[in-house]
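Structure, as structure tokens:
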Amino acid sequence: MAAFHATDVEERMARLKSNLKATSSKRVLSLSMQHFAVKKVLGQGTFGTVVLSERKTTGEIFAIKILDKSSMSSYDKVRTRTEMRILRDVYHPFIAPLRYDL
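Here the sequence shown stands for residues 1 to 102, where the numbers follow the UniProt record's numbering.
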């Protein structure tokens, strides 16, 4: 198992911060699933599935949460919208930001 050194962690944090600054924007772009190629299923939950996807035009890799809104209660829909607002506004190296609203 590889040992981590403080400098490795510091360098990684600096890269993450740099990437966050470069991509930070309160604006969430609207695309459709046609813009992505699904690679594999990462997980499933009560309301949907998370898939590993590649944006066709850029090759960027994303985790996309696909929700089945028909099986959600009104309360669950409100919770989902709240989660989206939080992910859209939070910037932290260990929390995946909301980049697109499909």
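Using N, Cα and C, we set each Cβ at its ideal position, and we do this for glycine too.
query	result
Which residues bound the beta strand (DSSP E) around residue 99?	Unbroken run through residue 99: none, as it is neither H nor E.
Answer yes or no: do residue 67 and residue 48 have a C-beta to C-beta separation smaller than 8 Å?	yes
Leaving out the 5 sequence neighbours to the left and right, which residues in its chain are closer than 6 Å to residue 50 when beta-carbon positions are compared?	42, 43, 63 and 65
Could you please give me the residues that DSSP links to residue 95 through a beta bridge?	92
Counting only the same chain and skipping the five closest in sequence on each side, list residues whose C-beta sits under 8 Å from that of residue 57.	35
Quick check on the DSSP output: the beta strand (DSSP E) that includes residue 70 runs from which residue to which?	Unbroken run through residue 70: none, as it is neither H nor E.
Can you pull the DSSP bridge partners for residue 49?	44 and 66
Based on Cα-Cα distance, which residue from 33, 15 and 97 lies nearest to residue 87?	97
Here's the rule: buried if 16 or more other CB atoms are within 10 angstroms of the residue's CB, otherwise exposed. What is residue 53?	buried
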